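J.: Encoded as structure tokens, here's the structure I'll be asking about.
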Amino acid sequence: MTVWQREAGTTGWSTLEVVGPGYSQLEVAPDKQTPEVVGPNYSQLEVAPDKQTPEVAYEQVGKEVWQAEQQSTAFIDPASTYNDDNLTQSPSTALTDNAHAEKGLLRRRRTWILLCIILIVILGVVLGVVFGVVLRQQGNATTTSSSSPDEDSRGGNSDTTPSPETSALSTVPRCASSFCPQSLNGLVESYTTVDQTPTIHLLARDQKGDIQHVASASGGTSFPNKWRSYGASGYYPDTLASTFLSIKGRYSISFFGVVSGSTNITHDHVAYQTIDIANGSASNPIYLGEGRLIAQSAPAVCAPANSGMSGSPPTDMSVFNKAGFTNENDGGMWWRFSHGTPGTFFPHYVHQVNDLGYSTMPDAPPGIACRDGPGARYDIVAYSNATDDFNAYHKWFHFTNDKWSDWHKIGGPFKLGSRPILVEASKDRFDFFGVGADDAIHHFTFQQQGEKYSDLQSLGGSFASNAAGVAMGADGDRIDVVAINKGDGKLKRKALVGTKWDEKWADLGVTASSVPRLMRIADDKLVISIVAADKTVWFSEVRILDDGSWSELKWHLIEGIQVE
């Protein structure tokens, strides 16, 4: 790079060479005739030994080369701007433009940084909103189900997976690999001429052994009330049975169970208590252990209404269970009934039902259906024991002639430890459901008129609980049955409409650890209540849709209890 300078006192030009890669600002010092470096480091120009022109002896990179205006004017040769061997611009122009470029670049860099920060903030906000919406949708998801003829489909009309709040409804219960108990009792209080405002009552034994009761709001579709405890009365697990009763015109619930002993009785026997629905008070336990009769099974209770299904509450009730005397090794079917004084059992109203023969009855209660009206009767179904291949037998009692029929053999074999379930479809008909030795559910229908039995048929499936059934429709021409699937613990449903069954079991999409309760609250509406794997109690309203399927299930927790 060459800097042109006019020599003092002459008209010619001499050159100053800049040595090194950097650029230094030069000006003539006041007391000297030679240019010097102006800046933080001052270096005087010296004449190189092999040159006739001064050079920068100590350069400072990044300084402009110039001369003070009060001295001879420095002139940049325009031709040097286009010198291919050197820079294409003069040092002054190049460095000034470079400084401006650096400042512009810095401003642009700051602008880009600011824009990037703004973009990141906006992107973070958008992602946060989207992520929040997804989490909210997942949190609000409820376990639902839909009806379908396909066994793998949902039992209702939704395929929603249980949300985190209902995760207990997707947990496999321990009993799914064996046989689940019946830990929950359910009753529907609806003694009105029009079935529009029913109330549901649930009873259960909690993990402390206390009997707990809760009632729904009118209509049966919500449970705003709290569970009420009636203390630990010594009832064995899986032995509760309950029924409605009218005592002195007050609606009551009587619940029964097997206890290990009492003040004057040391052996297992049946006891019961009565709850006044109006004020929630309960009687002390009443023990039915007279006559040294030892209870060998849970009780089954029957209390038909006095005048029709929607008439007044019953004033009499009957209790059936397997029992035997202390001096006998085996027992038979025994029947107690209250009469005259509601809720009171007298010793002379204890009768032995013509049994199937000692050693032939398992330790299981019978299934029972109550009939009212002019043709009032009791129907019971009991299982025989291993010596008779666990067959089912049917017997009925006529109130008009005060006589029991003979046992009618239905067939089998049925699973040891299971119970026969009877669903009263009408005053003239009941339907039987039982778990066979093959773990499938089997069914037959009995018509009272003409005493007609349908064939015992298998409904298929593989189950780890007794069935729960309910008759629906104005004429009871539809029966829905639900049970716990073996292995995964899921609830399966099937319906009999007229004389035709659904082709396959529908999956309700939730698991349960106790036999569910199905409680009809209208011709086309019911409530299903279950015990989850963590022993909490849940319920859902169900509507029967026009196509015969179940409506979407929306599960709600009934807080305040964990059952046994």
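The sequence shown maps to residues 524 to 1087 in the working numbering.
Backbone N, C-alpha and C define an ideal beta-carbon position, used for all residues, glycine too.
This one's a predicted model, so the numbers in the text were calculated from it and none came from an experiment.
Compare the C-alpha of Thr744 against each of Leu725, Arg751, Val1086 and Gln730 and name the closest.
T.: When each option's Cα is compared against that of Thr744, the closest is Leu725.
J.: Can you tell me where the beta strand (DSSP E) holding Ile944 begins and where it ends?
T.: Ile944 to Ser949 is the span of the beta strand (DSSP E), which, as asked, contains Ile944.
J.: Which residue wins for smallest C-alpha separation from Thr968, given the options Trp1024, Ile723 and Ile1084?
T.: Ranking Trp1024, Ile723 and Ile1084 by Cα distance to Thr968 puts Trp1024 first.
J.: Hey, could you find the ends of the beta strand (DSSP E) Gly855 is sitting in?
T.: From DSSP, the beta strand (DSSP E) with Gly855 extends over Gly855 to Ser861.
J.: Can you check which of these residues, Asp902, Pro837 and Leu1019, is closest to Ser769 by C-alpha distance?
T.: Of the listed residues, the one whose Cα sits closest to Ser769 is Pro837.
J.: DSSP three-state call for Arg632: helix, strand or coil?
T.: DSSP places Arg632 in helix when its eight states are reduced to three.
J.: The beta strand (DSSP E) that contains Tyr906, what's its start and end?
T.: Where Tyr906 is concerned, the enclosing beta strand (DSSP E) stretches over Arg900 to Tyr906.
J.: Keeping to the same chain, check which residues put their C-beta closer than 8 Å to that of Gln875; ignore five residues upstream and five downstream.
T.: Counting only Cβ-Cβ distances below 8 Å, and skipping sequence neighbours, we find Gly855, Met856, Trp857 and Trp858.
J.: DSSP beta-bridge partners for Trp927?
T.: Answer is Phe920, bridged to Trp927.
J.: Suppose you measure from the CA of Ala826 to the CA of Tyr901; what does that come to, to the nearest Å?
T.: If you take the alpha carbons of Ala826 and Tyr901, they lie about 10 Å apart.
J.: Pairing CB atoms from the segment 788-801 with CB atoms from the segment 772-780, are three or more of them under 8 Å?
T.: A contact exists between the segment 788-801 and the segment 772-780.
J.: Just to confirm the assignment, what range does the beta strand (DSSP E) spanning Tyr753 have?
T.: Taken as a continuous stretch (DSSP letters only), Tyr753 belongs to no beta strand (DSSP E), as it is neither H nor E.
J.: From the DSSP output, read off the bridge partner residues of Gln971.
T.: According to DSSP, Gln971 bridges with nothing at all.
J.: Counting only the same chain and skipping the five closest in sequence on each side, list residues whose C-beta sits under 6 Å from that of Val1038.
T.: Excluding residues within five positions, the ones whose Cβ falls inside 6 Å are Gln705, Ser988, Asn989 and Ala991.
J.: Classify Leu642 as buried or exposed, calling it buried when 16 or more other Cβ atoms lie within 10 Å of its own Cβ.
T.: By the neighbour-count rule (16 or more Cβ atoms within 10 Å), Leu642 is not buried but exposed.
J.: What three-state label does DSSP hand Ser741 in the structure shown?
T.: If DSSP states are grouped into helix, strand and coil, Ser741 belongs with coil.
J.: Rounded to the nearest angstrom, what separates Ala963 and Ser941 at their Cα positions?
T.: Straight-line Cα distance between these residues: approximately 12 Å.
J.: Mind checking whether Trp1061 and Ile1044 have CB atoms under 8 Å apart?
T.: Cβ distance not < 8 Å, so Trp1061 and Ile1044 don't count as in contact.
J.: With distances taken between CB atoms, is the gap from Ile1002 to Val946 smaller than 8 Å?
T.: Yes, these two residues count as a Cβ contact at 8 Å.
J.: Taking only the alpha-carbon atoms, compute the straight-line gap between Leu692 and Asp1011 and give it to the nearest angstrom.
T.: Cα-Cα distance, rounded: 12 Å.
J.: By alpha-carbon positions, which one of His931, Gly1071, Pro747 and Met1042 ends up nearest to Gly709?
T.: The residue with the shortest Cα to Cα distance from Gly709 is Met1042.
J.: CB-CB under 8 Å to Tyr753, same chain, minus the five flanking residues each way: which ones, in chain order?
T.: For Tyr753, where only same-chain residues beyond five positions count, the Cβ hits under 8 Å are Asp733, Ile734, Gln735, His736, Gln796, Ile798 and Ala805.
J.: Where does the unbroken beta strand (DSSP E) through Gly709 begin, and where does it stop?
T.: It spans Leu707 to Glu712 - the beta strand (DSSP E) in which Gly709 sits, taken as one unbroken run.
J.: Is the CB-CB distance between Val793 and Ala823 below 8 Å?
T.: Not a contact, by the Cβ cut-off of 8 Å.
J.: Classify Thr867: buried if its beta carbon has 16 or more other beta carbons within 10 angstroms, exposed otherwise.
T.: It is exposed - the Cβ of Thr867 has fewer than 16 other Cβ atoms within 10 Å.
J.: Just to confirm the assignment, what range does the beta strand (DSSP E) spanning Ala1029 have?
T.: Note, Ala1029: beta strand (DSSP E), Ala1029 to Thr1034.
J.: Take the Cβ of Leu637 as the centre, count every other Cβ of all protein chains shown within 10 Å, and call the residue buried at 16 or more, exposed below.
T.: Exposed is the call here.
J.: In whole angstroms, give me the CA-to-CA distance for Glu578 and Arg632.
T.: At Glu578, the pLDDT of 46 sits below 50, so the modelled position is not reliable; the number obtained from the coordinates is stated separately. Using only the alpha carbons, I get a separation of about 38 Å.
J.: Exposed or buried, which one is Asn609 when buried takes at least 16 other CB atoms within 10 Å?
T.: A caution first: Asn609 carries a pLDDT of 41, below 50, which makes its placement in the model unreliable, though a value can still be read off. When all chains shown are included, Asn609 counts as exposed.
J.: Using only the alpha-carbon positions, how far apart do Phe913 and Glu974 sit?
T.: If I take the Cα positions, the gap works out to 23 Å.
J.: With DSSP run on the structure shown, which of helix, strand or coil describes Asp954?
T.: Strand, per DSSP.
J.: Find the nearest neighbour of Lys932 within the set Val958, Val1005, Leu979 and Leu939, judged by alpha-carbon distance.
T.: Nearest of Val958, Val1005, Leu979 and Leu939 to Lys932, Cα basis: Leu979.
J.: Does the distance from the C-beta atom of Val1004 to that of Lys1017 stay below 8 Å?
T.: Taking 8 Å as the Cβ cut-off, Val1004 and Lys1017 qualify as a contacting pair.
J.: Expressed to the nearest angstrom, what Euclidean distance is found between the alpha-carbon atoms of Pro747 and Ala740?
T.: Those two C-alpha atoms are separated by around 7 Å.
J.: Checking the sheet assignment: what are the DSSP bridge partners for Ala805?
T.: Ala805 pairs with Ile798.
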